[in-house]
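Remarks on the structure that follows.
Residue numbers (my numbering): 4 to 248.
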């Protein structure tokens, strides 16, 4: 089982410190809103969204050392590592599929998720056919099981900046995309761009990110990211038509 590297957490904590100093955020609040620490350590679901007053998060913040970036990073990484070790005890069904979906009852819509699971390449040209087959099978399953008569399908991800991702979907899915309105970076919707499929840091993207926020003067923290997260929503019928279902 491959874990995220400690440098991945340091990157996020440094960014939270920057926002705390330059944008007048309280540091614990910046860590809650603008890092994936909560999600990586405590987790979340549609029925259990991150809450800043959550007992476990409150305890993490209360026990956080304040000496320097190294001790803070070590502290959060140790907590993350302990959670991952415990999760590793659960059976893991390996899969080369990269796409999955989730039905949101509250919205009556389906959401697309992406995980870089394919050791042969996730969005490479050589795996395009595999990804299209995977998506066709996925939408066929949605059409068959859509008992709630949901009409729309959506995603929010930095990957909407990438042509190798967009070419797998109807053109309208990317052309209608807009900057995700929520200024909150708790998931891989933003932070996924900094690691590859083996969870190693992409130092080129990291360097661009640091240059953006150290040299830029944006009032909108979303714009510091090399690949801002976009939101797109499209009718399910358009996907059925595109994949020939």
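Quick reminder that beta carbons are idealized off the backbone N, C-alpha and C, glycines included.
Since we're looking at a predicted model, the values are computed, not measured.
Residue range 40-44 is occupied by the alpha helix (DSSP H) that includes residue 40. DSSP, reduced to helix, strand and coil, places residue 138 within a helical segment of the structure shown. Annotation for residue 80: 9 and 12 place their beta carbon closer than 7 Å to its own, counting only its chain and skipping 5 residues before and after. For residue 155, the secondary structure class from DSSP, reduced to helix, strand or coil, is strand. Residue 194 is positioned such that its CB atom lies closer than 8 Å to that of residue 15. By the Cβ test, the region 140-150 is in contact with the region 226-243, since at least three Cβ pairs between them sit closer than 8 Å.
Selection 56, 29 and 28 evaluated against residue 41 yields 56 as nearest (Cα-Cα).
Rounded to the nearest whole angstrom, the CA to CA distance from residue 178 to residue 25 is 34 Å. Contact check between the region 112-123 and the region 150-165: three or more CB pairs, one atom from each, fall below 8 Å, which counts as touching. Ranked by how close their Cα comes to the Cα of residue 214, the residues 202, 229, 222 and 33 have 229 in first place.
Residues of the same chain with a CB within less than 6 Å of the CB of residue 103, apart from the 5 flanking positions on each side, are 116 in chain order. In this structure, 37 is the residue among 37, 209, 236 and 88 with its C-alpha nearest to the C-alpha of residue 53.
Apart from sequence neighbours up to five positions away, the residues of its chain that approach residue 188 with a beta-carbon distance below 6 Å are 37, ordered along the chain.
With a cutoff of 8 Å on beta-carbon distance, residue 22 and residue 224 are scored as near each other. If the five residues before and after residue 124 are omitted, its C-beta is found closer than 7 Å to the C-beta atoms of 130, all from its own chain and listed in chain order.
Shown here for residue 19: same chain residues with a beta carbon closer than 7 Å to its own, the five before and five after excluded, namely 30, 33, 34, 37 and 38 in chain order.
Residue range 112-117 is occupied by the beta strand (DSSP E) that includes residue 114.
Spatial neighbours of residue 45 in its own chain (CB-CB distance under 7 Å, excluding positions within 5 residues in sequence) are listed in chain order as 57, 59 and 60.
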